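K.L.:
Protein chains: 2
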Amino acid sequence: MSFEVPEFEGGEGLTSQEYVYMRLRNAIMVGAIPTGASLTMRGLADVMGLSATPIREALRRLNSEQAVEAQDNRRMLIPEMNSGRFEDLVSTRLVLECHAGLRALPYISDIVIGELRVIDDEMDAAISRRNYDRMICLNHKFHRALYGANPDLTSLPLIESIWLQLGPFQRELISDVGEFYVMGDHKAILDALMDRAPEALTLAIENDIQNGLVSAGRALIERRAQR
Amino acid sequence: MSFEVPEFEGGEGLTSQEYVYMRLRNAIMVGAIPTGASLTMRGLADVMGLSATPIREALRRLNSEQAVEAQDNRRMLIPEMNSGRFEDLVSTRLVLECHAGLRALPYISDIVIGELRVIDDEMDAAISRRNYDRMICLNHKFHRALYGANPDLTSLPLIESIWLQLGPFQRELISDVGEFYVMGDHKAILDALMDRAPEALTLAIENDIQNGLVSAGRALIERRAQR
DNA sequence: TTTATTAAAATGTGATAGCATTTAATATTT
DNA sequence: AAATATTAAATGCTATCACATTTTAATAAA
Numbered sequence: 001m002s003f004e005v006p007e008f009e010g011g012e013g014l015t016s017q018e019y020v021y022m023r024l025r026n027a028i029m030v031g032a033i034p035t036g037a038s039l040t041m042r043g044l045a046d047v048m049g050l051s052a053t054p055i056r057e058a059l060r061r062l063n064s065e066q067a068v069e070a071q072d073n074r075r076m077l078i079p080e081m082n083s084g085r086f087e088d089l090v091s092t093r094l095v096l097e098c099h100a101g102l103r104a105l106p107y108i109s110d111i112v113i114g115e116l117r118v119i120d121d122e123m124d125a126a127i128s129r130r131n132y133d134r135m136i137c138l139n140h141k142f143h144r145a146l147y148g149a150n151p152d153l154t155s156l157p158l159i160e161s162i163w164l165q166l167g168p169f170q171r172e173l174i175s176d177v178g179e180f181y182v183m184g185d186h187k188a189i190l191d192a193l194m195d196r197a198p199e200a201l202t203l204a205i206e207n208d209i210q211n212g213l214v215s216a217g218r219a220l221i222e223r224r225a226q227r
Numbered sequence: 001m002s003f004e005v006p007e008f009e010g011g012e013g014l015t016s017q018e019y020v021y022m023r024l025r026n027a028i029m030v031g032a033i034p035t036g037a038s039l040t041m042r043g044l045a046d047v048m049g050l051s052a053t054p055i056r057e058a059l060r061r062l063n064s065e066q067a068v069e070a071q072d073n074r075r076m077l078i079p080e081m082n083s084g085r086f087e088d089l090v091s092t093r094l095v096l097e098c099h100a101g102l103r104a105l106p107y108i109s110d111i112v113i114g115e116l117r118v119i120d121d122e123m124d125a126a127i128s129r130r131n132y133d134r135m136i137c138l139n140h141k142f143h144r145a146l147y148g149a150n151p152d153l154t155s156l157p158l159i160e161s162i163w164l165q166l167g168p169f170q171r172e173l174i175s176d177v178g179e180f181y182v183m184g185d186h187k188a189i190l191d192a193l194m195d196r197a198p199e200a201l202t203l204a205i206e207n208d209i210q211n212g213l214v215s216a217g218r219a220l221i222e223r224r225a226q227r
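Chains A and B supply the protein sequences, listed in that same order.
All residue numbers for the first sequence refer to this note's numbering, where the first residue is 1 and numbers rise by one.
All residue numbers for the second sequence refer to this note's numbering, where the first residue is 1 and numbers rise by one.
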């Protein structure tokens, strides 16, 4: 195993399988697992001090969520990003998150806006400290809290699947442009929520995704293709 | 096990886990497994003549795809439908499938339209024979073939997750209204594809989903609430 | 030096068994 | 008769093992 699988907070009281799932999921989400590296069951079992059984179950779940690719040789790995897949993932993310935002809007209260503001402040702190892992997690937490205002929300698992697929690439992005990486900001989203303005919210969510991820992502893929 | 898990075609050369996954997935998709019934590992293992290991892996995958719900007591079951969840699932389905259709449109060729027409004809035959299982499968096959024209398609697994969640309810719907159940028709979709008309395609896909599922679904939920 | 061939190590898969938890059934008490 | 307590059965979870396949390494041939 040529890479580390970072620990995560809140893994107490879970079954082994749940623990492995959460830990790997978190690792993929923040891009801690390099693309292309084989995720072997015995290897992960050794790293985590468990048997292969719960590892295999967790890997299969992540495979079903498109976070991990199963090859013909039955090996599991984090798939490589390419231009076509990137554009399709981003367009799906835009559609899903705008939809989730609009569906949540009627349920947005001042209390929710307050909670979102707290998360956004934490994120500003993480940004100034250049703590990228925490930036990514708090960004997800913000969006989760927003869409979760809708009590009937069913699209969150789908959105998280997209996040998982973009996670490894986003990490490469960050380590590529380094401290110049800007994460889309949430101020416009908060303004739109306060105004209860659907169109403004859609635009703000689109911009949030577009600014951080898309422009930098396209540039990196372009640069790679030339090399 | 108080229900049957129908066999499916094309399960040769699969690992046990894949076989179980496909068989259960198919069963849920066509609504063959009743909502609320416990899916026990030993029970399913007995039915399928396998050990619990591949069963559990398949169930976890389906759980990750939101097709099966894991309760606190660690039991797995097909979740019940309710009004809020239904509306949210349908709205997500509309957004995702319209998006997938639009992304596929530039890749639509006369050959693809021909293939779609063949599937649609098979579906008409299934409808006239009142073969509901086959209707459902062919409907999915039609949509899969349409969206799959996009070579970079990443949203299909998400769409299939929605189908899985609507499957059991759709079956209840069919057995409720019986032979009067109408499945949304694909003729308008084919026309829009031939015209390469984005707006018409969006409307046609919306209508396709709306006609069969939504109107009847709302009526059934309404009727249940009164009872 | 490169390519084939062979041997050894590593890996994925699935059945089994033991343990912990949950559910159902039975016995006991009120 | 109803509610509670106890016991038995069923179920979920995970480590282990044996087998088949794949990968890697070492060896032999070109």
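Glycine included, C-beta positions come from ideal geometry on N, C-alpha and C.
All figures in this text were calculated on a predicted structure; none of them were measured in a lab.
(1) If I measure Cβ to Cβ from serine 2 of chain B and keep anything under 7 Å in the same chain, skipping five residues before and after, which residues do I get?
(2) For chain B, is any of its Cβ atoms less than 8 Å away from the one on glutamate 87 of chain A?
(3) If we ignore side chains and look at the alpha-carbon of each, how far apart do arginine 74 of chain B and glutamate 12 of chain A end up?
(4) Tell me, to the nearest whole angstrom, how far the beta carbon of asparagine 139 of chain B is from that of methionine 183 of chain B; I am working on the premise that it is less than 8 Å.
(5) Looking at chain A, which residues of the region 11 to 43 of chain B have a Cβ within less than 7 Å of any of its Cβ atoms?
(6) Grouping DSSP H, G and I as helix and E and B as strand, with all else coil, what is leucine 50 of chain A?
(7) If the criterion is Cβ atoms closer than 8 Å, does the pair leucine 89 of chain B and leucine 166 of chain B meet it?
(8) Which residues share a DSSP beta bridge with serine 38 of chain B?
(9) Find the nearest neighbour of tyrosine 87 of chain B within the set B:Gln226, B:Ser215, B:Ser16, B:Arg223, judged by alpha-carbon distance.
(10) Please state if the CB of arginine 25 of chain A and the CB of arginine 60 of chain B are separated by a distance shorter than 8 Å.
(11) Go through its chain and collect everything with a Cβ distance to proline 54 of chain A's Cβ below 8 Å, but skip five positions before and after it.
(12) Run the CB neighbour count on glycine 31 of chain B, radius 10 Å, all protein chains shown included, and call it buried at 16 or more, exposed below.
(13) Give me the DSSP bridge partner(s) of glutamate 69 of chain B.
(14) Counting Cβ pairs closer than 8 Å, one from the region 155 to 164 of chain A and one from the region 184 to 191 of chain A, do we hit at least three?
(15) Can you confirm whether the region 196 to 212 of chain B touches the region 96 to 112 of chain B when touching is taken to mean that 3 or more C-beta pairs between the two stretches lie within less than 8 Å?
(16) For a quick check, are the C-beta atoms of glycine 217 of chain B and leucine 146 of chain B less than 8 Å apart?
(17) For chain A, is any of its Cβ atoms less than 8 Å away from the one on aspartate 72 of chain B?
(18) When the cut-off is 8 Å and only beta carbons count, does threonine 92 of chain A lie next to chain B?
(19) Which residue marks the beginning of the alpha helix (DSSP H) containing isoleucine 111 of chain B, and which one marks its end?
(20) Under 9 Å, CB to CB, which of the residues in the region 51 to 69 of chain A have a partner in chain B?
(21) Under a three-way DSSP split, which group does methionine 22 of chain B fall into?
(22) Residues in its own chain within less than 8 Å of glycine 43 of chain B by CB, not counting five upstream and five downstream?
(23) Can you find a C-beta in chain B that's less than 8 Å from the C-beta of glycine 84 of chain A?
(24) Of the choices B:Met29, B:Leu94, B:Glu4, whose alpha-carbon is the least far from that of glutamine 210 of chain B?
(25) Between B:Met48, B:Leu62, B:Ser51, which lies nearest to methionine 29 of chain B when the distance is taken from Cα to Cα?
(26) Using only the alpha-carbon positions, how far apart do valine 177 of chain A and glutamate 65 of chain B sit?
P.N.:
With the structure as the only source:
(1) So the list reads Ala37, once near-sequence residues are dropped.
(2) At a cut-off of 8 Å between beta carbons, glutamate 87 of chain A contacts chain B.
(3) The straight-line gap from Cα to Cα measures roughly 17 Å.
(4) Taking 8 Å as the upper bound for CB-CB distance, asparagine 139 of chain B and methionine 183 of chain B are in contact here, some 6 Å apart.
(5) Within the region 11 to 43 of chain B, no residue qualifies.
(6) Of the three classes helix, strand and coil, the one that applies to leucine 50 of chain A here is coil, per DSSP.
(7) Judged by beta-carbon spacing, leucine 166 of chain B lies within the 8 Å limit of leucine 89 of chain B, meaning their Cβ atoms are closer than that value.
(8) Paired residue(s): B:Leu77.
(9) Looking at the sequence provided, one finds glutamate at residue 87 of chain B rather than tyrosine. Minimum Cα distance to glutamate 87 of chain B is reached at B:Ser215.
(10) Taking the C-beta atoms as reference points, arginine 25 of chain A is found no nearer than 8 Å to arginine 60 of chain B.
(11) Cβ contact annotation for proline 54 of chain A (same chain, cutoff 8 Å, sequence separation greater than five): Thr15, Ser16, Gln17, Tyr19, Val20, in chain order.
(12) By the neighbour-count criterion, in which 16 or more other beta carbons inside 10 Å mark a residue as buried, glycine 31 of chain B falls on the buried side.
(13) BP columns for glutamate 69 of chain B point to B:Leu77.
(14) No: the two stretches stay apart, fewer than three of their Cβ pairs being nearer than 8 Å.
(15) Touching, yes.
(16) Between glycine 217 of chain B and leucine 146 of chain B, the C-beta spacing is not below 8 Å.
(17) At least 8 Å separates the CB of aspartate 72 of chain B from every CB of chain A.
(18) At least one beta carbon of chain B lies nearer than 8 Å to the beta carbon of threonine 92 of chain A.
(19) Membership of isoleucine 111 of chain B in the alpha helix (DSSP H) is indicated by the continuous run 110 to 128.
(20) Those residues of the region 51 to 69 of chain A that come within reach of chain B (Cβ to Cβ, closer than 9 Å) are Thr53, Arg56, Glu57, Ala58, Arg60, Arg61, Leu62, Asn63, Ser64, Glu65, Gln66.
(21) Three-state DSSP puts methionine 22 of chain B in a helix.
(22) Exclusion of the five residues before and after glycine 43 of chain B leaves Met1 as the residues of its chain whose Cβ lies within less than 8 Å of its Cβ.
(23) It does; some Cβ of chain B falls within 8 Å.
(24) Ranking B:Met29, B:Leu94, B:Glu4 by CA distance to the CA of glutamine 210 of chain B puts B:Leu94 first.
(25) Ranking B:Met48, B:Leu62, B:Ser51 by CA distance to the CA of methionine 29 of chain B puts B:Leu62 first.
(26) Each residue's alpha carbon lies about 35 Å from the other.
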